[in-house]
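Undergrad:
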Amino acid sequence: MARGLELAYDQRTVVHGVDLAVPPGRVTVIVGANGCGKSTLLRGLGRLLTPAAGRVELDGRDLRSVRPREVAAVLGLLPQQPLAPEGITVADLVGRGRHPHQGAFRRWSAADSDAVAEALALTDTHELAARRVEELSGGQRQRVWVAMMLAQDPRIMLLDEPTTYLDIAHQVDVLDLLAELNEQRGTTVVMVLHELNLAARYADHLVVMHEGRLLCEGSPAEVLDADCVERAFGLRAQVVPDPITGSPMVVPVGRRAAAQAARPAIHPGERSEVRATDRA
Numbered sequence: 077m078a079r080g081l082e083l084a085y086d087q088r089t090v091v092h093g094v095d096l097a098v099p100p101g102r103v104t105v106i107v108g109a110n111g112c113g114k115s116t117l118l119r120g121l122g123r124l125l126t127p128a129a130g131r132v133e134l135d136g137r138d139l140r141s142v143r144p145r146e147v148a149a150v151l152g153l154l155p156q157q158p159l160a161p162e163g164i165t166v167a168d169l170v171g172r173g174r175h176p177h178q179g180a181f182r183r184w185s186a187a188d189s190d191a192v193a194e195a196l197a198l199t200d201t202h203e204l205a206a207r208r209v210e211e212l213s214g215g216q217r218q219r220v221w222v223a224m225m226l227a228q229d230p231r232i233m234l235l236d237e238p239t240t241y242l243d244i245a246h247q248v249d250v251l252d253l254l255a256e257l258n259e260q261r262g263t264t265v266v267m268v269l270h271e272l273n274l275a276a277r278y279a280d281h282l283v284v285m286h287e288g289r290l291l292c293e294g295s296p297a298e299v300l301d302a303d304c305v306e307r308a309f310g311l312r313a314q315v316v317p318d319p320i321t322g323s324p325m326v327v328p329v330g331r332r333a334a335a336q337a338a339r340p341a342i343h344p345g346e347r348s349e350v351r352a353t354d355r356a
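Put into structure tokens, the structure is as follows:
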């Protein structure tokens, strides 16, 4: 939960006074135009940025007062462009997701190995386990990072564009997987997505941002309409039911199509008359 949250880079405020209640055990998706502050908001929720004002709460406590290991055991964060140590293998990277569960009196166990194996299987990366991360394609790498978060098994997952670099089939696979984790384990999922129609399909709670502020929030059916799309993205669109799920589906009109629709129609015969007049 965020209360009056302001986030800034070098004195430049990017997120302005945001109040956001994340529904527990649900899927929240944050959308908005490039540069609207959605990734910055996610970084603030994940304690990667210190608030310039306001606070982020975890179970009613100011996140800044919670010990890092305690936060890591509850909250997992997948940033937009994570970096892996040079030479690390896929299995080792995914295994690092278990570090928050280790301690002075708790060493690596069969349960940890099982969690890693399950994460690799769920993300279809088990055949990559022995390969070095830098050898992988962008899409493979992204699935490995998701696997690391799954191995961590946090109660809350924060993901910044988890479908980056993935083809459409793997995008759907990853989002289906996150939806299943939410349904089966009660995992709270908060993610930033660019693709509006995927956001509308998978979100229980949709947050639309504009210029660092919350423009609207609620269920996709409540908030995603033509007016919201135009205000957030400056794009004319029609919003129709998704033929598969019934959720809102955005069909862009586009600036060129809108301009053409605004012009008076000229029939073929009229074009001929214009050309004949020009020759005269």
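Here the sequence shown is numbered in my numbering, starting from 77 and rising by one per residue.
Ideal Cβ positions, reconstructed from N, Cα and C, are used throughout, including at glycine.
Does the beta-carbon distance from Gly120 to Gly80 come in below 8 angstroms?
TA: Contact: no.
Undergrad: Please give me, in chain order, every unbroken run of the alpha helix (DSSP H) with length at least 4 that falls completely inside the region 88-124.
TA: If we require 4 residues or more, the alpha helix (DSSP H) runs fully inside the region 88-124 come out as 114-121.
Undergrad: Taking just the CA atoms, how far does Arg174 sit from Cys73?
TA: Since the first and last residues shown for the chain are 77 and 356, residue 73 lies out of range.
Undergrad: Could I get the ranges of all uninterrupted beta strand (DSSP E) runs contained in the region 260-301, with 3 residues as the minimum, in chain order?
TA: Listed in chain order, the complete beta strand (DSSP E) runs (minimum 3 residues) inside the region 260-301 are 264-268, 281-286, 289-294.
Undergrad: In whole angstroms, what is the alpha-carbon distance linking Ala276 and Gln216?
TA: Taking the straight line joining both Cα atoms gives about 25 angstroms.
Undergrad: How long is the line joining the alpha carbons of Asn273 and Met224, rounded to whole angstroms?
TA: Near 27 angstroms, if we compare the C-alpha coordinates of Met224 and Asn273.
Undergrad: Going by beta carbon distance, what residues of the same chain come within less than 6 angstroms of Val192, once the five residues before and after it are set aside?
TA: For Val192, where only same-chain residues beyond five positions count, the Cβ hits under 6 angstroms are Val170, Gly171, Ala227.
Undergrad: Any idea what DSSP makes of Val350, helix, strand or coil?
TA: With a pLDDT of only 48 at Val350, under the threshold of 50, the placement of this residue in the model should not be trusted, and no figure is reported.
Undergrad: Taking the alpha carbon of Ala78 as the point to measure from, which residue in Pro319, Asp280, Asp190, Arg140 has its own alpha carbon closest?
TA: Answer by Cα proximity: Arg140.
Undergrad: Grouping DSSP H, G and I as helix and E and B as strand, with all else coil, what is Gly80?
TA: Note: Gly80 maps to strand in three-state DSSP.
Undergrad: Counting only runs that start and end within the region 168-203, where is the alpha helix (DSSP H) found for 4 or more residues in a row?
TA: For the region 168-203, whole alpha helix (DSSP H) runs of length 4 or above, ordered along the chain, are 186-198.
Undergrad: Kindly indicate which residue of Arg183, Ile244, Glu162 has the alpha-carbon position closest to the one of Glu211.
TA: The option with the nearest alpha carbon to Glu211 is Glu162.
Undergrad: With a Cβ-Cβ cutoff of 8 angstroms, do Val105 and Leu269 count as a contact?
TA: In this structure, Leu269 lies closer than 8 angstroms to Val105 by Cβ.
Undergrad: Apart from the five residues just before and just after Tyr241, which ones in its own chain have a Cβ nearer than 8 angstroms to its Cβ?
TA: If we look at Tyr241 and ignore the five residues flanking it on each side, its Cβ neighbours are Ser213, Gly214, Gly215, Arg217, Gln218.
Undergrad: With a threshold of 8 angstroms, are at least 3 pairs of Cβ atoms found where one atom belongs to the region 142-154 and the other to the region 94-101?
TA: These segments do not touch.
Undergrad: Taking the alpha helix (DSSP H) that Val132 belongs to, which residues open and close that run?
TA: Note, Val132: premise wrong, no alpha helix (DSSP H); beta strand (DSSP E) at 129-134.
Undergrad: Closer than 8 angstroms by C-beta to Ala128: which residues in its own chain qualify, once you throw out the five before and the five after it? Chain order, please.
TA: Only Glu82, Leu83, Ala84, Thr89 meet the Cβ criterion.
Undergrad: By DSSP, does Ile232 sit in helix, in strand, or in coil?
TA: Strand.
Undergrad: DSSP three-state call for Gln156: helix, strand or coil?
TA: Residue state, collapsed to three classes: coil.
Undergrad: Counting C-beta neighbours from all protein chains within 10 Å, is the total for Asp229 16 or more, i.e. buried, or is it exposed?
TA: Classification of Asp229: buried, given that the 10 Å Cβ count is 16 or more.
Undergrad: Excluding the 5 residues preceding and the 5 following Thr165 in the sequence, name in chain order all residues of the same chain whose CB lies nearer than 8 angstroms to its CB.
TA: Excluding residues within five positions, the ones whose Cβ falls inside 8 angstroms are Ala205, Ala206, Arg207, Arg208, Val209.
Undergrad: What does a CB cutoff of less than 6 angstroms around Gly262 pick up in its chain, not counting 5 residues either side in sequence?
TA: If we look at Gly262 and ignore the five residues flanking it on each side, its Cβ neighbours are Gly101.
Undergrad: Looking at the secondary structure, which residues open and close the alpha helix (DSSP H) in which Pro319 lies?
TA: That residue, Pro319, is in no alpha helix (DSSP H); it is neither H nor E in DSSP.
Undergrad: I'd like the span of the alpha helix (DSSP H) that includes Ala205, first residue to last.
TA: Note, Ala205: premise wrong, no alpha helix (DSSP H); not H, not E.
Undergrad: From what residue to what residue does the alpha helix (DSSP H) around Arg145 run?
TA: Counting along the chain, the alpha helix (DSSP H) containing Arg145 begins and ends at 144-150.
Undergrad: Looking only at C-alpha atoms, which of Val266, Val220, Leu290, Glu259 sits nearest to Leu159?
TA: Cα-wise, what sits closest to Leu159 is Val220.
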